[in-house]
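Numbering (the numbering used here), first residue to last: 9 to 134.
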């Protein structure tokens with residue numbers, strides 16, 4: 009039924025009553041066969057909706073289970089090795105940084121020695 013722009017869902021018994029009252033013949037007698045047919049179609053439609061809702065709920069449950077399995081797999085199988093790789097990478101980067109700093113310090117010292125040697129050469133040559 010529509011009233012003031014809103015939709016009201018009828019219960020099965022209300023729908024059956026509405027069908028029975030609308031099936032009155034012109035002489036005041038009721039056409040029970042047609043009403044029962046309409047009632048049967050309403051029950052079938054209700055069963056289909058219930059079946060569809062159950063199917064949707066089951067599908068969501070399956071998706072939720074698969075998501076849970078996937079998140080468990082990630083948490084137990086993927087994330088620990090990734091954290092281990094990250095920790096190993098951090099250690100190796102620190103080692104390479106220290107090695108690079110030591111090489112730069114030695115190159116700087118060698119550059120200073122070469123510059124001093126050339127300076128001594130120019131002093132003695134002139």
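Quick reminder that beta carbons are idealized off the backbone N, C-alpha and C, glycines included.
Nearest-angstrom Cα distance between residue i and residue j?
i: residue 93; j: residue 104; result: 16 Å
i: residue 89; j: residue 101; result: 18 Å
i: residue 34; j: residue 52; result: Since pLDDT at residue 34 reaches only 47, below the 50 mark, its modelled position is unreliable, and the value read off the structure follows with that caveat. Distance between the alpha carbons of residue 34 and residue 52: 29 Å.
i: residue 133; j: residue 127; result: 10 Å
i: residue 57; j: residue 50; result: 11 Å
i: residue 129; j: residue 110; result: 29 Å
i: residue 55; j: residue 91; result: 52 Å
i: residue 123; j: residue 108; result: 22 Å
i: residue 118; j: residue 125; result: 10 Å
Can you tell me which of the three DSSP states residue i falls into?
i: residue 122; result: helix
i: residue 101; result: helix
i: residue 134; result: coil
i: residue 117; result: helix
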